[in-house]
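Residues 69 to 429 in our numbering are what the sequence shown spells out, letter by letter.
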Amino acid sequence: MKRFLAWAAAIVLLLAVAGVAGAGWYYSGMVIDPSHGDSYPLEVTAVTDDQVTLKGEATEPGTYGLTWQGGNATVGHVISAGQGSVTRELVKVRQGELKPGVRAYLDRWMYGDPSDPTAALGLPYKRVSIKGYPAWQTPGDSKTWVIAVHGRNANASEALRFVPTFHSLGMPVLGISYRNDPGAPAGDGKYHLGETEWEDVGSAIAYAKTQGATGVILYGMSMGGGIVPMTARRLPSEPIKGLILDSPVMDWNAPIELGAKQQGVPLWLASVGKWVISLRTGVSFDDIDQVRHAKEFKAPMLIFLDDDDDTVPIGPSLAFAKARPDLVTLFRTRGGGHVGSWNVDPARYEQALRDFVKRVG
Numbered sequence: 069m070k071r072f073l074a075w076a077a078a079i080v081l082l083l084a085v086a087g088v089a090g091a092g093w094y095y096s097g098m099v100i101d102p103s104h105g106d107s108y109p110l111e112v113t114a115v116t117d118d119q120v121t122l123k124g125e126a127t128e129p130g131t132y133g134l135t136w137q138g139g140n141a142t143v144g145h146v147i148s149a150g151q152g153s154v155t156r157e158l159v160k161v162r163q164g165e166l167k168p169g170v171r172a173y174l175d176r177w178m179y180g181d182p183s184d185p186t187a188a189l190g191l192p193y194k195r196v197s198i199k200g201y202p203a204w205q206t207p208g209d210s211k212t213w214v215i216a217v218h219g220r221n222a223n224a225s226e227a228l229r230f231v232p233t234f235h236s237l238g239m240p241v242l243g244i245s246y247r248n249d250p251g252a253p254a255g256d257g258k259y260h261l262g263e264t265e266w267e268d269v270g271s272a273i274a275y276a277k278t279q280g281a282t283g284v285i286l287y288g289m290s291m292g293g294g295i296v297p298m299t300a301r302r303l304p305s306e307p308i309k310g311l312i313l314d315s316p317v318m319d320w321n322a323p324i325e326l327g328a329k330q331q332g333v334p335l336w337l338a339s340v341g342k343w344v345i346s347l348r349t350g351v352s353f354d355d356i357d358q359v360r361h362a363k364e365f366k367a368p369m370l371i372f373l374d375d376d377d378d379t380v381p382i383g384p385s386l387a388f389a390k391a392r393p394d395l396v397t398l399f400r401t402r403g404g405g406h407v408g409s410w411n412v413d414p415a416r417y418e419q420a421l422r423d424f425v426k427r428v429g
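Listed below in structure tokens is the structure:
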């Protein structure tokens, strides 16, 4: 009987370990497995010349795109809201037919996915390939280029909101892709959270230099805001004049633990997930913690944060700014959520960009 109980206990323990390992594997996949594609949670219920009514949650303040399959519009301030419905200002229908029954999403990027500088902004551009990675390039006479690095599961269209500001300053903008993007080499098929993706930004810097650039400003959004600091740390001799970071992941522990909390997952299981991430990718969470390495930076930084970001906690960015007040300028908004500071106040955001460029350039 004792032997049977011992075997039974061992089997239960093995099953428990297997269950924890399986849960950790699943949770790790939510972080490092690429996932591309759009969802359309909003339903258009009414349209007039200057208003659109949507069924669903879409009450964020500011200016946004409204994107549906085959179409895109610009919507402005909230006119009224209640009982799961919101009416917003309809600024312009850019493409397609906006009518009741259309399924759409509120588009922080503004211009739909995918898009390009001509289709979105009417600006000239050319498509380029950087070691097999697709990119687009807008023209400019400045020798200082902006290299835009998008976030996780996003693409270069994420940077289109900011291109007109740099174009007005005569600065070329290079919107790049990196490993695991559609049309780009897949690498091992897993995100490495900046620990390898920085190499693709390094290739973009090398390309810009072959085209006459003598300096670059690296502009990273979300996970791109974690890739950009890794690039600066790994390539200290490159002519990086400044870093612009929008809702950056400065420490991956924070968003992973927040995601676990939001899903009702215990923090110890999030720790298992992080261990599995390291096992599957070789990523060192200490190495990609930019706060831990704050002393290594030398380039000025402009960091955009929104206090209502429910994807990437702003705490690590604030800690980094506290550690390096000599380098960091903070720009904070409220109500825009993750990478939504421009949408809340485009004019102030763009003025902050101009001021920063003037200071570093």
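Glycine included, every Cβ here is placed at the ideal spot set by N, Cα and C.
Bridge partner(s) assigned by DSSP for residue i
i           : result
residue 177 : The partner list for residue 177 (beta bridge, DSSP) is empty, contrary to what the question assumes.
residue 198 : 201
residue 400 : 373
residue 123 : 111 and 153
residue 171 : 111
residue 454 : The question about residue 454 has no answer here: the residues shown for the chain are numbered 69 through 429.
residue 158 : 143
residue 212 : 283
residue 206 : 241
residue 217 : 288
residue 271 : In the DSSP output, where bridge partners are listed per residue, residue 271 has none listed.
residue 163 : 140
residue 148 : 155
7 Å Cβ shell around residue i - same chain, five flanking residues per side excluded
i           : result
residue 96  : 341, 344, 345 and 348
residue 414 : 131
residue 418 : 233
residue 335 : 325 and 328
residue 84  : Because the pLDDT of residue 84 is 37, which lies under 50, any placement of that residue in the model is unreliable, and the question is left without a value.
residue 379 : 323 and 406
residue 220 : 259, 290 and 291
residue 351 : 260, 261, 263 and 345
residue 186 : 192 and 193
residue 293 : 313, 314, 315, 316 and 317
Cβ-based neighbour list, residue i, same chain, cut-off 6 Å, excluding 5 preceding and 5 following
i           : result
residue 338 : 324, 325 and 328
residue 78  : Bear in mind that a pLDDT of 36 at residue 78, under 50, signals an unreliable position, so the number given afterwards is only what the model happens to contain. No residues qualify anywhere along the chain.
residue 209 : 238
residue 298 : 262 and 266
residue 178 : 133 and 229
residue 369 : 311, 395 and 396
residue 82  : With a pLDDT of 36 at residue 82, under the threshold of 50, the predicted position of this residue should be treated as unreliable, and no value is reported.
residue 124 : 109 and 110
residue 357 : 319
residue 180 : 135 and 140
residue 302 : 266
residue 410 : 229 and 417
Candidates the options: closest to residue i by CA position
i           : options               : result
residue 166 : 138, 188 and 180      : 138
residue 406 : 226, 356, 235 and 421 : 226
residue 115 : 150, 141, 202 and 264 : 141
residue 189 : 206, 201 and 211      : 206
residue 255 : 425, 100 and 420      : 100
residue 111 : 155, 103 and 282      : 155
residue 366 : 309, 420 and 380      : 309
residue 306 : 213, 240 and 385      : 213
residue 412 : 281, 399 and 119      : 399
residue 150 : 159, 174, 121 and 162 : 121
residue 392 : 422, 373, 361 and 429 : 361
residue 175 : 128, 199 and 211      : 128
residue 196 : 375, 278 and 420      : 278
residue 353 : 268, 331 and 321      : 321
residue 268 : 248, 283, 381 and 389 : 248
Enclosing beta strand (DSSP E) for residue i [first to last residue]
i           : result
residue 369 : 369-374
residue 132 : 132-136
residue 103 : Unbroken run through residue 103: none, as it is neither H nor E.
residue 183 : It is not in any beta strand (DSSP E) - residue 183 carries neither H nor E in the DSSP assignment.
residue 321 : Note, residue 321: premise wrong, no beta strand (DSSP E); alpha helix (DSSP H) at 321-330.
residue 116 : Element bounds for residue 116: n/a, residue is neither H nor E.
residue 241 : 241-244
Residue span of the alpha helix (DSSP H) that contains residue i, given as start and end
i           : result
residue 57  : Residue 57 is absent from the structure shown; the chain starts at 69 and stops at 429.
residue 279 : First-last for residue 279: undefined, no H or E at that position.
residue 423 : 414-428
residue 311 : No alpha helix (DSSP H) contains residue 311, which is instead part of the beta strand (DSSP E) from 308-314.
residue 349 : 335-349
residue 305 : Neither: residue 305 is in no alpha helix (DSSP H) and is coded neither H nor E.
residue 225 : Here residue 225 belongs to no alpha helix (DSSP H), and DSSP marks it neither H nor E.
residue 233 : 231-236
beta-carbon residue i near the ligand ZN non-hydrogen atom, thresh 7 Å
i           : result
residue 370 : No copy of the ligand ZN occurs in the structure displayed, which carries no ligand at all.
Any C-beta of chain C under 8 Å from that of residue i
i           : result
residue 400 : Of the protein chains in the structure, only one exists, and it is not chain C.
Contact set for residue i: own chain, Cβ-Cβ below 8 Å, skip 5 residues either direction
i           : result
residue 75  : The predicted position of residue 75 is uncertain, since its pLDDT is 43 and thus under 50; no value can be drawn from it.
residue 152 : 123, 124 and 125
residue 119 : 147, 155, 156, 157 and 158
residue 106 : 135, 173 and 181
residue 253 : 200, 201 and 247
Task: Contact between the segment 310-317 and the segment 286-295 (3+ Cβ pairs under 8 Å) - done: Touching, per the Cβ criterion.
Task: Three-pair Cβ contact test at 8 Å for the segment 268-285 versus the segment 243-254 - done: When C-beta atoms of the segment 268-285 are compared with those of the segment 243-254, three or more pairs fall below 8 Å, so the two segments count as touching.
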